[in-house]
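Below is one structure, written out as structure tokens; the observations come after it.
Chains as they are written, first to last, in the numbering used here: chain L, 1 to 285; chain P, 1001 to 1297.
Structural data, given as structure tokens:
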């Protein structure tokens, strides 16, 4: 018995060592492009390409924040970040508010045309933005919204996927709870805001993080409708900076790192909901 | 009683209108109407420079589209990208998921490592890899590695034969972390009793993978393939940032084609016909995949 235990123990230790070492090596190779990006962003321009064939390319020996300062002076990054956060915040407010109301009604109310609305939501879920971008652009220009915040925000408030997620979640809210509230004299709107919303933080958090990520990565649509220089969003600004003279790779790397920071922060604080959101879409899908 | 029920029903309809209305109106205005207009404009000659000269030309745009070698080129490129990136990226994601599916201490750290490329946007990754792929070994990290290993340097992005593959490699690396998370959830849903029973029967790790893990992941694999495929069909950002569709149109995709025809050339009606074809392809693909994923369970 003792003997068996110790041999099993040795086996387990070997397994653990393999697990940690293997994952560490593979993981380092996997993230090495990102490590190189961060290192290069801390190096003087001349040093980035100085030791390409040695491990020193991953070590910033003369680390400084000069490249970051260059980005701040040349790119007006604060304005870019402000533009980006503003438009994403507006989309998210509209998205969480209107789509959750819609999802709630589809889950809990009985009304004429419910099936039609639900089918439309499911059908439009597969509609790729790229297939409608031309007429959508014409719509924007007819509304005189090109180069305004409206063009970035309003078309992206209605989201079939959000409506669907909310509907799925609200379907599981027990009817008894809602009936009890209505017996207590609470109207439908009040029931929704004071009873349903507070117990549904998970679904709000999930939709929030999934949509934040999606819009933080937005490139094509802002690229089409936000051509004014002072109105650029983060991805656009970074892309333009990549082609702007003088091309300093060190500064470009710093800009790339800056543009990733909000996502990293979001991941740290909302990891649980983000990962669950990704995973649950897979199980239910 | 009957009366109060009728009143209740009526008030429910009013509430429903208030709840559904705003989202529904926006949905119609900014999704359904543009969709209809894509199809509508596709049978018109409509150039952005001449907005007062819009003429009905029946299926002429489609005839021209199907005769345009550039369109077929873009179609082939998109299909090639999709057919290669989907299995590569899904297999990579599955392999990573198997590495970090266990509930060992510290596993979250490794998961985060493999997920890290997802935390940077496609634009950022495309810029970074344009520099990494640089054909000069003294400025391109990958070529410097290749030459120090005694290999020839490769013109990754400037050779039409390697450009698309380079984009595929990078895209699979960037995207795998996302699918990995889905696979991890799928792996955790497989009951551990299955593995224990197999151990009792003397199955080794490889046999467990083939006979328990893969069958248990069947629906997850199908789902991952479906979402990766639809995403792959929309390829635009990487070629736009890295190669501008070149060299020699080797990385020009369908969405890129729609963009160039519509927004650069101003052939709006014509671009709409390409967009409509693109839409039909994507919807057909997702319907076929949906059929495959639901009937076999």
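Each residue gets a CB set at the ideal place from its N, CA and C atoms; glycine is no exception.
By the three-class DSSP mapping on this structure, what secondary structure does residue 1156 of chain P have? Under the three-state reduction of DSSP, residue 1156 of chain P is assigned to coil, being neither helix nor strand.
Tell me the residue span of the alpha helix (DSSP H) that contains residue 1075 of chain P. It spans 1069-1100 - the alpha helix (DSSP H) in which residue 1075 of chain P sits, taken as one unbroken run.
Taking the alpha-carbon positions, what's the residue 20 of chain L to residue 1137 of chain P distance? In a straight line, the C-alpha of residue 20 of chain L is about 33 Å away from that of residue 1137 of chain P.
So, helix, strand or coil for residue 218 of chain L, using DSSP? Coil.
Figure out for me which residue from P:1021, P:1284, P:1191 has the closest Cα to the Cα of residue 1230 of chain P. Residue P:1284 holds the alpha-carbon nearest to the alpha-carbon of residue 1230 of chain P among P:1021, P:1284, P:1191.
Buried versus exposed, by CB contacts within 10 Å (16 or more), residue 110 of chain L: The residue is exposed, with fewer than 16 neighbouring Cβ atoms inside 10 Å.
Would you list, in chain order, the members of the region 56-71 of chain L that have their beta-carbon closer than 8 Å to a beta-carbon of chain P? Those would be 57, in chain order.
Secondary structure at residue 1054 of chain P, three-state DSSP: helix, strand or coil? Look at residue 1054 of chain P here: in three-state DSSP terms it is strand.
With a 10 Å radius around its C-beta and 16 neighbouring C-beta atoms as the bar for buried, classify residue 1101 of chain P as buried or exposed. Under this definition residue 1101 of chain P is a buried residue.
Whether residue 28 of chain L touches residue 1113 of chain P by CB criterion (9 Å): A contact, by the Cβ cut-off of 9 Å.
Are residue 1246 of chain P and residue 1048 of chain P close, meaning C-beta to C-beta below 9 Å? For the pair residue 1246 of chain P and residue 1048 of chain P, the CB atoms are not nearer than the 9 Å cut-off.
Within the continuous alpha helix (DSSP H) that includes residue 1111 of chain P, where are the two ends? Element bounds for residue 1111 of chain P: 1107-1115.
Relative to the C-alpha of residue 60 of chain L, which candidate in L:261, L:45, L:211, L:201 has its C-alpha closest? Out of L:261, L:45, L:211, L:201, L:45 has the C-alpha closest to the C-alpha of residue 60 of chain L.
Alpha carbon to alpha carbon, what distance is there between residue 1178 of chain P and residue 258 of chain L? For residue 258 of chain L and residue 1178 of chain P, the distance between alpha carbons rounds to 22 Å.
Exposed or buried, residue 1197 of chain P, counting other C-beta atoms within 10 Å across all chains shown (16 or more means buried)? By the neighbour-count rule (16 or more Cβ atoms within 10 Å), residue 1197 of chain P is not buried but exposed.
Counting C-beta neighbours from all protein chains within 10 Å, is the total for residue 1151 of chain P 16 or more, i.e. buried, or is it exposed? Its Cβ having fewer than 16 others within 10 Å, residue 1151 of chain P is exposed.
Can you name the residues of chain L whose CB is closer than 8 Å to the CB of residue 1239 of chain P? Residues of chain L passing the Cβ test: none, with the nearest at roughly 12 Å.
Residue 253 of chain L at chain P interface by Cβ criterion, 9 Å: Chain P contact via Cβ: present.
Proximity to residue 15 of chain L [Cα-Cα], best of P:1135, P:1287, P:1099: Just measuring C-alpha positions, the residue of P:1135, P:1287, P:1099 sitting nearest residue 15 of chain L is P:1099.
Let's see if you can read the secondary structure: which residues bound the beta strand (DSSP E) around residue 1044 of chain P? First-last of the beta strand (DSSP E) with residue 1044 of chain P: 1044-1047.
I need the straight-line Cα distance from residue 1157 of chain P to residue 272 of chain L, nearest angstrom please. Those two C-alpha atoms are separated by around 38 Å.
Apart from the five residues just before and just after residue 1144 of chain P, which ones in its own chain have a Cβ nearer than 6 Å to its Cβ? Correct list, in chain order: 1137.
Just mark residue 291 of chain L as buried or exposed, buried being the case when its beta carbon has 16 or more other beta carbons within 10 Å. Outside the displayed range of chain L (1 to 285) lies residue 291 of chain L, so it cannot be described from this structure.
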